[in-house]
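The sequence shown maps to residues -18 to -1, 1 to 217 in mature numbering (1 follows the signal peptide of the UniProt record, and there is no 0). Glycine included, every Cβ here is placed at the ideal spot set by N, Cα and C.
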Amino acid sequence: MKLKLILAALLISASIWAQKDANGSFKTEIVQKHELNYALYSPKDTKGKKPLIVFLHGSGEKGNAVGDIDKVKIHGPFKYLKDHELDAYVLAPQCPENEYWDAEVLHRLILKIQKQYNIDPARIYLTGLSMGGWGAWNLAFAYPDMFAALVPVAGFVDRVPMIEDCKIKTIPIRIFHGLLDDVVDVEYSIIIYKKLKACNADIKLTIFDDANHDSWTRVYDNSAIYDWMLEQRKK
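Here you go:
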């Protein structure tokens, strides 16, 4: 029996020493196509360079059909524009069904609008609610040099922005959240605010004590947030 065990051990040892590493190479190309519908508001006076407000909607306003675009006007700036005017372009892309906001796609759309219209590159503002707040955080971190102001409302914050907080230290930021939010915990806004406060001198967090997830109505229905955004200019 001992002899058999010794022979088996020798055979296993020999097979191990006989193993060799293999080197190789691999090439591939992955092409992804994206399509976004969008709504664009133009100011009455389009002479001269104008600011651009980019608004990202929440998960309930996704859509693919052309007729779905009216969903992006339910909340946010387009709702405000039903009874008011802004001396700025307002861009509201629509996230397709079964997808989430893609920073690269949004960036390319903004560049397209910049090229097509007379946009002031020093006055591009980014805001969004819920899923759009999450998208706004990610887009700002991906392209921090593009935006003159950031206004996330009731937004989830990914781990990467939490780590790279000072990447957007030069962007004026106004964060809004409801204390009673049972969809996106207010702690996300509190934590990122505390992290950014260490390196960003122009940041403010507003928590509405009586608001649940819809903390955006009182933000976007009020002229104050638009007045503030339009005062900001990229440094």
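C-beta contact flag for residue i and residue j at 9 Å
| i | j | result |
| --- | --- | --- |
| His39 | Gly110 | yes |
| Val72 | Ile101 | no |
| Lys186 | Ile157 | yes |
| Ser171 | Val133 | no |
| Asp167 | Tyr62 | no |
| Ile174 | Trp119 | yes |
| Glu79 | Lys44 | yes |
| His16 | Val87 | yes |
| Leu161 | Asp209 | no |
Where residue i sits in the DSSP three-state scheme
| i | result |
| --- | --- |
| Thr10 | coil |
| Ile189 | strand |
| Leu108 | strand |
| Asn120 | helix |
| Lys15 | coil |
| His57 | coil |
| Ala47 | coil |
| Asp196 | coil |
| Ile150 | helix |
| Gly137 | coil |
| Arg156 | strand |
| Leu68 | coil |
| Lys217 | coil |
C-alpha distance - residue i paired with residue j, whole-angstrom precision
| i | j | result |
| --- | --- | --- |
| Glu213 | Ala131 | 9 Å |
| Trp83 | Asp3 | 42 Å |
| Asn182 | Glu146 | 13 Å |
| His66 | Val135 | 21 Å |
| Ser197 | Cys77 | 21 Å |
| His195 | Ile56 | 16 Å |
| Asp69 | Arg200 | 21 Å |
| Val48 | Leu22 | 14 Å |
| Lys177 | Gly6 | 44 Å |
| residue 226 | Lys94 | No statement about residue 226 is possible, as the shown extent of the chain runs from -18 to 217 and does not include it. |
| Gly117 | Ser41 | 11 Å |
| Ala206 | Ser112 | 20 Å |
| Ile189 | Lys64 | 27 Å |
| Gly115 | Lys97 | 25 Å |
| Pro126 | Lys53 | 28 Å |
| Lys29 | Tyr20 | 23 Å |
| Lys179 | Val165 | 25 Å |
Beta-carbon contacts of residue i that lie in its chain and below 8 Å, excluding the five residues immediately before and after
| i | result |
| --- | --- |
| residue 273 | Any question about residue 273 goes unanswered here, given that the chain covers just -18 to 217. |
| Pro59 | Tyr23, Ile35, Phe37, Leu68, Val72, Ala74, Thr109, Tyr202 and Tyr208 |
Neighbourhood of residue i by C-beta, 7 Å cutoff - its chain only, sequence neighbours within 5 removed
| i | result |
| --- | --- |
| Leu(-9) | With a pLDDT of 49 at Leu(-9), under the threshold of 50, the modelled position of this residue cannot be trusted, and the question is left open. |
| Ala122 | Leu108, Phe129, Leu132, Ile150 and Ile153 |
6 Å Cβ shell around residue i - same chain, five flanking residues per side excluded
| i | result |
| --- | --- |
| Ile155 | Leu132 and Ile185 |
| Lys216 | Ala104 and Ala130 |
| Lys31 | Asn100 and Asp102 |
| Met211 | Tyr107 and Ala131 |
| His89 | Tyr125 |
| Ala85 | Asn120, Leu121 and Ala124 |
For residue i, the residue or residues it bridges with in DSSP
| i | result |
| --- | --- |
| Leu73 | Leu22 and Val36 |
| Ala131 | Tyr107 |
| Ile101 | Lys32 |
| Gly114 | DSSP, once it has assigned bridges, lists no residue as partnering Gly114. |
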